[in-house]
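Going left to right, the sequence shown walks through residues 1 to 78 as the UniProt record's numbering numbers them.
Every residue, glycine too, gets a C-beta built ideally from N, C-alpha and C.
Only a predicted model underlies this, so the values are computations on that prediction, with no experimental measurement involved.
Okay, structure first, notes after.
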Amino acid sequence: MYQGRHGRAFLFSHAMNVTVGAKEDRNLMTGLHTVADISCVDCSEVLGWKYERAFEASQKYKEGKFIFEKSKIVKENW
1 MYQGRHGRAF
11 LFSHAMNVTV
21 GAKEDRNLMT
31 GLHTVADISC
41 VDCSEVLGWK
51 YERAFEASQK
61 YKEGKFIFEK
71 SKIVKENW
(Lines of atoms letter the chains of each structure in order from A and count residues from 1; the text may use other names and numbers.)
(Lines give C-alpha, C1' and ligand atoms only; values in the text may rest on other atoms or scores of the structure.)
Protein backbone atom coordinates (compact mmCIF):
# COMPACT_ATOMS: atom_id res chain seq x y z
CA MET A 1 0.00 0.00 0.00
CA TYR A 2 1.22 3.48 -0.86
CA GLN A 3 0.51 6.83 0.74
CA GLY A 4 -0.26 10.01 -1.19
CA ARG A 5 -0.76 13.56 0.03
CA HIS A 6 -4.47 12.88 0.56
CA GLY A 7 -4.51 9.26 1.74
CA ARG A 8 -4.18 5.91 0.01
CA ALA A 9 -2.46 5.74 -3.36
CA PHE A 10 -1.63 3.22 -6.07
CA LEU A 11 1.66 2.61 -7.90
CA PHE A 12 1.43 2.06 -11.68
CA SER A 13 4.11 1.29 -14.23
CA HIS A 14 2.24 3.09 -17.04
CA ALA A 15 -0.05 6.12 -17.25
CA MET A 16 -2.14 7.64 -20.04
CA ASN A 17 -3.79 11.02 -20.49
CA VAL A 18 -1.50 12.77 -18.02
CA THR A 19 1.07 15.50 -18.35
CA VAL A 20 4.29 15.39 -16.35
CA GLY A 21 5.37 18.57 -14.60
CA ALA A 22 8.77 19.86 -13.52
CA LYS A 23 11.11 17.61 -11.56
CA GLU A 24 11.80 18.45 -7.92
CA ASP A 25 13.42 16.73 -4.97
CA ARG A 26 10.88 15.76 -2.30
CA ASN A 27 11.45 14.15 1.06
CA LEU A 28 8.71 11.49 1.17
CA MET A 29 7.90 8.87 3.82
CA THR A 30 10.35 6.45 2.17
CA GLY A 31 13.19 8.95 1.81
CA LEU A 32 14.42 11.51 -0.69
CA HIS A 33 13.12 11.17 -4.26
CA THR A 34 13.15 13.26 -7.42
CA VAL A 35 9.51 13.43 -8.51
CA ALA A 36 7.31 15.31 -10.97
CA ASP A 37 3.60 15.98 -10.43
CA ILE A 38 1.27 14.36 -12.95
CA SER A 39 -1.92 16.11 -14.06
CA CYS A 40 -5.00 15.16 -16.06
CA VAL A 41 -4.70 16.32 -19.68
CA ASP A 42 -8.38 17.34 -19.74
CA CYS A 43 -8.93 19.18 -16.45
CA SER A 44 -5.33 19.81 -15.26
CA GLU A 45 -6.08 18.37 -11.80
CA VAL A 46 -2.95 17.02 -10.08
CA LEU A 47 -3.52 13.27 -9.73
CA GLY A 48 -0.24 12.22 -8.15
CA TRP A 49 3.40 12.13 -9.20
CA LYS A 50 6.01 10.27 -11.22
CA TYR A 51 9.12 8.92 -9.53
CA GLU A 52 12.07 10.11 -11.58
CA ARG A 53 14.84 9.09 -9.17
CA ALA A 54 15.15 7.28 -5.85
CA PHE A 55 18.23 7.99 -3.78
CA GLU A 56 18.00 4.85 -1.61
CA ALA A 57 18.79 1.46 -3.15
CA SER A 58 15.69 -0.15 -1.61
CA GLN A 59 13.47 2.37 -3.42
CA LYS A 60 14.98 2.09 -6.93
CA TYR A 61 12.08 -0.11 -8.11
CA LYS A 62 9.85 3.01 -8.09
CA GLU A 63 11.91 4.89 -10.69
CA GLY A 64 9.86 5.67 -13.79
CA LYS A 65 6.60 4.63 -12.10
CA PHE A 66 3.53 6.68 -11.22
CA ILE A 67 1.64 7.28 -7.98
CA PHE A 68 -2.07 7.98 -8.40
CA GLU A 69 -3.96 9.15 -5.34
CA LYS A 70 -7.11 7.10 -4.78
CA SER A 71 -9.14 10.20 -3.85
CA LYS A 72 -8.31 11.73 -7.26
CA ILE A 73 -9.21 8.74 -9.45
CA VAL A 74 -12.03 6.92 -7.60
CA LYS A 75 -15.48 8.39 -7.02
CA GLU A 76 -17.08 6.83 -3.95
CA ASN A 77 -20.70 6.84 -2.77
CA TRP A 78 -22.34 8.01 -6.00
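### Message
So, under 8 Å CB-CB, residue 10 and residue 50 are touching, yes? Tell me the CB distance rounded to an integer number of Å.
### Response
Going by Cβ atoms, the distance from residue 10 to residue 50 rounds to 13 Å, so no, they are not a contact pair.
### Query
Around the Cβ of residue 74, are there at least 16 other Cβ atoms within 10 angstroms (buried) or fewer (exposed)?
exposed
### Task
Starting from residue 39, follow the beta strand (DSSP E) in both directions and report where the run begins and ends.
31–40
### Task
Quick one: residues in its chain with C-beta nearer than 8 Å to the C-beta of residue 15, no 5 flanking neighbours on either side, listed in chain order?
38, 50, 66, 68
### Query
What separation, rounded to the nearest whole angstrom, lies between the Cα atoms of residue 46 and residue 31?
22 Å
### Query
Can you name the start and end residues of the beta strand (DSSP E) that residue 60 belongs to?
No beta strand (DSSP E) holds residue 60; DSSP gives it neither H nor E.
### Message
On the criterion of 16 or more Cβ atoms from any shown chain inside 10 Å, does residue 60 qualify as buried, or is it exposed?
### Response
exposed
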